[in-house]
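This report refers to the structure that appears directly beneath it.
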Amino acid sequence: MGRRKTRSRQKKQPVWELDDEHRMLGCLDCHIESGTTDRAELEETIRQYLEDVKKKKFSLAQIDARLQQLQDIASSRQKRRQSIFAKGSQVLKNISPWDTKTIREYKEGVRDHVIATIIHSEGRNLRDTPQRMQREHSKASTPAMPTPNKRKYGSTAQQPTERGERHRKRLGRSRAAGLQPGALKEEPSSTRKISLIPSHDQTVPDSDDGTSSDDQRLLSGVTVEVVQVPSCQSVADAGGLAKTTMEEAPELLQKDHEALQPRLQAKLHEVSIMHVRTAQELQAVRAQYEEAAETVISLKRALSEADQRRGNEVTKALAYQEKQIASLENIVKKMRNSAFFAGLTIHTPFGPSEADIRNSMTKIRIGSRKLITPLQDRTLLLLTLNKIDEYLLSLLHRSSGLWLDHGVRLKSFLTDLNQLGMEVALCALTTAALCEWVFADNFESDATGPSLLLDMYQHHISMADGRLALRNLDLAARSSFFQSEDYRQIQIPCRAEALARRFVDAVAPLFTASDTPPLGTPSLDSENGQELHDELVDIFIAALGLKATLVASSDRFIILLPRPGSKFDPAWMQAESKEGLQMPKVTQERSHARVCTLPGILAYNESDAEPRDYRLQLSDSPENRSNMHILHKAVVLSLPDLATSEDL
Numbered sequence: 149m150g151r152r153k154t155r156s157r158q159k160k161q162p163v164w165e166l167d168d169e170h171r172m173l174g175c176l177d178c179h180i181e182s183g184t185t186d187r188a189e190l191e192e193t194i195r196q197y198l199e200d201v202k203k204k205k206f207s208l209a210q211i212d213a214r215l216q217q218l219q220d221i222a223s224s225r226q227k228r229r230q231s232i233f234a235k236g237s238q239v240l241k242n243i244s245p246w247d248t249k250t251i252r253e254y255k256e257g258v259r260d261h262v263i264a265t266i267i268h269s270e271g272r273n274l275r276d277t278p279q280r281m282q283r284e285h286s287k288a289s290t291p292a293m294p295t296p297n298k299r300k301y302g303s304t305a306q307q308p309t310e311r312g313e314r315h316r317k318r319l320g321r322s323r324a325a326g327l328q329p330g331a332l333k334e335e336p337s338s339t340r341k342i343s344l345i346p347s348h349d350q351t352v353p354d355s356d357d358g359t360s361s362d363d364q365r366l367l368s369g370v371t372v373e374v375v376q377v378p379s380c381q382s383v384a385d386a387g388g389l390a391k392t393t394m395e396e397a398p399e400l401l402q403k404d405h406e407a408l409q410p411r412l413q414a415k416l417h418e419v420s421i422m423h424v425r426t427a428q429e430l431q432a433v434r435a436q437y438e439e440a441a442e443t444v445i446s447l448k449r450a451l452s453e454a455d456q457r458r459g460n461e462v463t464k465a466l467a468y469q470e471k472q473i474a475s476l477e478n479i480v481k482k483m484r485n486s487a488f489f490a491g492l493t494i495h496t497p498f499g500p501s502e503a504d505i506r507n508s509m510t511k512i513r514i515g516s517r518k519l520i521t522p523l524q525d526r527t528l529l530l531l532t533l534n535k536i537d538e539y540l541l542s543l544l545h546r547s548s549g550l551w552l553d554h555g556v557r558l559k560s561f562l563t564d565l566n567q568l569g570m571e572v573a574l575c576a577l578t579t580a581a582l583c584e585w586v587f588a589d590n591f592e593s594d595a596t597g598p599s600l601l602l603d604m605y606q607h608h609i610s611m612a613d614g615r616l617a618l619r620n621l622d623l624a625a626r627s628s629f630f631q632s633e634d635y636r637q638i639q640i641p642c643r644a645e646a647l648a649r650r651f652v653d654a655v656a657p658l659f660t661a662s663d664t665p666p667l668g669t670p671s672l673d674s675e676n677g678q679e680l681h682d683e684l685v686d687i688f689i690a691a692l693g694l695k696a697t698l699v700a701s702s703d704r705f706i707i708l709l710p711r712p713g714s715k716f717d718p719a720w721m722q723a724e725s726k727e728g729l730q731m732p733k734v735t736q737e738r739s740h741a742r743v744c745t746l747p748g749i750l751a752y753n754e755s756d757a758e759p760r761d762y763r764l765q766l767s768d769s770p771e772n773r774s775n776m777h778i779l780h781k782a783v784v785l786s787l788p789d790l791a792t793s794e795d796l
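The numbering used here applies: residue 149 is where the sequence shown begins, and numbers increase by one.
Here it is in structure tokens:
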């Protein structure tokens with residue numbers, strides 16, 4: 149058989165209770181108040197206290213973990229971190245009043261516990277036990293004898309003098325020789341009485357610090373003892389001497405007391421005079437202190453008022469300086485702009501960067517694809533030309549490249565849009581709205597409203613053959629106006645709201661719910677219409693901002709809107725699928741564009757001195773490619789990609 153395995157019994161750990169935490173915090177506050185700052189010493193003291201009071205043997209690790217947990221809770225609610233080993237329970241700001249009262253009571257209990265521990269500790273018993281009283285009595289009654297280990301006069305008892313020692317030796321020799329007591333009467337000077345009654349010089353000190361109460365206490369504590377010193381007299385005479393001394397002791401004590409009374413009264417009178425004088429001086433000092441305190445308070449009040457007045461003046465001065473600096477900066481900015489535009493030449497480029505144009509077009513493209521979200525449960529209706537209003541008809545004409553005299557081809561285009569789906573139709577109509585109502589519109593000329601003085605100035609400059617100066621003046625005016633807060637935050641949002649409302653009203657007859665029969669021309673409901681309206685507002689705001697940068701540029705731009713069925717040109721076209729996926733590789737067979745979902749932007753390589761028009765030129769194909777460079781390609785759907793799903 150193998151050796152039997154024994155399992156060591158696991159020691160049961162004590163469990164923390166709310167009362168344990170209160171006692172721990174009370175002990176911590178008590179010892180921190182007494183001046184203990186060492187963390188290890190505080191934890192050991194808490195452990196010993198809980199073991200004595202609660203009979204729970206917590207480990208130092210448990211106590212440290214619980215204190216650290218309370219520290220973390222307090223630190224998470226305070227801006228400034230405070231250590232629980234320095235402040236105690238004061239770091240716990242959100243505890244209830246009952247917890248605070250309990251901790252304070254346990255704090256007083258810890259103080260009593262410490263005092264009781266000191267009193268009852270071994271070697272520190274301060275009570276008068278019978279053994280201690282008997283030991284003190286024996287010390288007082290028994291005279292101490294000289295020993296070799298003690299100092300010669302170190303004992304508190306009266307040591308025998310050299311003369312007394314001679315008397316004892318002589319008395320012993322006389323007794324041994326058989327002398328009679330009468331033979332010892334020849335040395336009367338060797339016998340004297342020793343009294344412990346204090347004299348004047350012994351009881352009343354010469355200094356002025358003594359009081360009458362101290363003298364009376366000294367007199368009441370005198371113990372009269374008659375010490376019989378051996379002499380040459382007989383034993384009977386010695387006994388009589390002791391008896392006489394005991395009888396005269398009260399009389400001597402009374403005489404000394406009567407002699408001390410005048411001096412004590414004089415001392416008491418002096419102390420009374422000093423007390424009165426000290427009280428007067430204290431009253432004078434207190435009056436001076438109160439006067440000084442009032443002076444300090446008035447000075448502080450005056451300083452605070454002066455600081456507040458000075459602070460208000462400084463604040464006003466700073467605000468005025470800031471306004472002056474802002475106005476000067478505005479003037480400097482205007483002067484720099486004027487100097488910049490005055491120094492423009494024909495070959496100096498001024499306008500938006502290619503990256504800014506691409507970012508704006510990408511934002512418009514993403515917004516156009518989001519328009520399908522509120523119309524997912526609707527279908528596209530085929531309407532006759534009689535039920536189409538003028539705005540929708542203009543959008544269809546712009547998107548198809550056809551005009552009113554091509555009614556049959558326009559119906560074919562509507563059928564083609566129905567086959568492509570709602571998402572493609574919305575993108576195509578949005579592109580047509582941007583080209584028709586934004587880029588090809590003259591809205592900015594009405595918004596700027598040139599004054600008569602500006603017209604006269606332009607006329608005089610043109611008469612002086614200053615076409616370049618006129619163009620620079622026009623660019624400066626446009627740039628200043630289009631960058632103004634009024635145009636960016638008021639006029640563009642208002643114009644975008646109007647165009648979005650016009651677009652929703654125009655395309656609403658084309659869509660109906662899937663569960664609604666196509667009767668009449670139903671409009672969009674309020675919820676879907678509002679969502680579609682918000683998306684369109686963002687699109688038109690981006691387009692109007694882009695156009696503002698284009699018409700305030702020294703370059704000339706062309707907006708490309710390819711016709712359906714036009715030849716695909718990868719130089720200025722980009723193909724995509726119905727879902728909006730980019731189609732980078734297009735073969736020669738896939739050479740026709742079916743519909744345009746985002747216009748392109750081209751710019752002329754050379755500039756001229758002619759003033760810029762607020763209308764941008766629209767074109768379905770670039771005329772002279774050698775004199776232009778592409779800024780953003782037009783996005784189209786190629787015919788073979790949309791014919792079958794296998795090619796996608």
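Beta carbons: idealized from backbone N, C-alpha and C, even for Gly.
Predicted, not measured: the structure shown is a model, and the values here were computed from it.
- Assess, as a yes-or-no matter, whether the segment 508-520 is touched by the segment 559-579 under the definition of 3 or more beta carbon pairs within less than 8 Å. yes
- Item | At least three beta-carbon pairs within less than 8 Å, the segment 683-699 to the segment 615-622 | no
- Task: Spell out a yes or no on whether the segment 698-705 and the segment 650-660 are touching, meaning 3 or more CB-CB pairs, one atom from each, closer than 8 Å.
- Result: no
- Leaving out the 5 sequence neighbours to the left and right, which residues in its chain are closer than 8 Å to residue 742 when beta-carbon positions are compared? 564, 568, 712, 713, 784, 785, 786, 787, 790
- Query: Considering residue 744, what are the terminal residues of the alpha helix (DSSP H) in which it resides?
  - Reply: From DSSP, residue 744 is part of no alpha helix (DSSP H) but of the beta strand (DSSP E) over 741-746.
- Task: Tell me whether residue 511 sits in a helix, a strand or coil according to DSSP, three-state version.
- Result: helix
- Message: Mapping the DSSP letters down to three states, classify residue 726 as helix, strand or coil.
- Response: coil
- Could you give the DSSP three-state label for residue 783: helix, strand or coil? strand
- Message: Can you list, in chain order, the residues of its chain with a C-beta nearer than 7 Å to that of residue 212? Leave out the 5 residues immediately preceding and following it.
- Response: 191
- Where does residue 779 land, buried or exposed, given buried means 16+ other C-beta within 10 angstroms? buried
- Task: Output the distance between the C-alpha atoms of residue 303 and residue 260, rounded to the nearest integer angstrom.
- Result: Any reading at residue 303 must be qualified, since the residue scores a pLDDT of 41, below 50, and its modelled position is unreliable; the value itself is stated next. The straight-line gap from Cα to Cα measures roughly 39 Å.
- If you count every other CB in all the chains shown that lies within 10 Å of the CB of residue 163, and 16 or more means buried, which is it? exposed
- What first and last residue would you give for the beta strand (DSSP E) that runs through residue 233? From DSSP, residue 233 is part of no beta strand (DSSP E) but of the alpha helix (DSSP H) over 232-235.
- Item | Opening and closing residue of the alpha helix (DSSP H) in which residue 238 lies | That residue, residue 238, is in no alpha helix (DSSP H); it is neither H nor E in DSSP.
- Please confirm whether residue 719 and residue 684 have their CB atoms less than 8 Å apart. no
- Which listed residue (781, 516, 748) has its alpha carbon closest to that of residue 726: 516
- Roughly how many angstroms separate the alpha carbons of residue 746 and residue 581, rounded to a whole number? 11 Å
- Message: Pop quiz: residue 751 and residue 703 are said to be a contact at Cβ under 8 Å. What is the actual Cβ separation, rounded to whole angstroms?
- Response: 5 Å
- Message: Can you tell me whether residue 719 is helix, strand or coil according to DSSP?
- Response: coil
- Anyone know if the C-beta pair for residue 588 and residue 708 falls short of 8 Å? no
- Query: Measuring CB to CB, does residue 255 end up less than 8 Å from residue 200?
  - Reply: no
- Task: Would you mind stating whether residue 591 and residue 643 have Cβ atoms separated by less than 8 Å?
- Result: yes
- Task: Could you tell me which of 406, 197, 471 sits nearest to residue 262, measuring between CA atoms?
- Result: 197
- Can you tell me which of the three DSSP states residue 762 falls into? coil
- Message: Report the CB separation of residue 247 from residue 204 in whole angstroms; it is logged as a contact under 8 Å.
- Response: Incorrect: roughly 20 Å between the Cβ atoms, too far for contact.
- Tell me which same chain residues have a C-beta within less than 8 Å of the C-beta of residue 584, skipping the five on either side of it? 542, 543, 546
- Message: Mapping the DSSP letters down to three states, classify residue 794 as helix, strand or coil.
- Response: Any reading at residue 794 needs caution, since the residue's pLDDT is 36, under 50, leaving its predicted position unreliable; the model's value is listed next. Here residue 794 sits in coil by DSSP.
- Query: Counting along the chain, where does the beta strand (DSSP E) carrying residue 705 start and finish?
  - Reply: 705-708
- Item | For residue 385, three-class secondary structure by DSSP | With a pLDDT of 48 at residue 385, under the threshold of 50, the modelled position of that residue is not reliable, and no figure is offered here.
- Which of the three DSSP states, helix, strand or coil, is assigned to residue 659? strand
- Quick one: using the 10 Å Cβ neighbour count with 16 as the cut-off for buried, is residue 706 buried or exposed? buried
- Looking at the structure shown, is residue 420 part of a helix, part of a strand, or coil, going by DSSP? helix
- Item | residue 777 versus residue 652: straight-line alpha-carbon distance, rounded | 35 Å
- Message: Just to confirm the assignment, what range does the alpha helix (DSSP H) spanning residue 257 have?
- Response: 245-268
- Query: From residue 443 to residue 435, what distance separates their C-alpha atoms?
  - Reply: 12 Å
- Got a sec, what are the start and stop residues for the alpha helix (DSSP H) residue 542 sits in? 538-548
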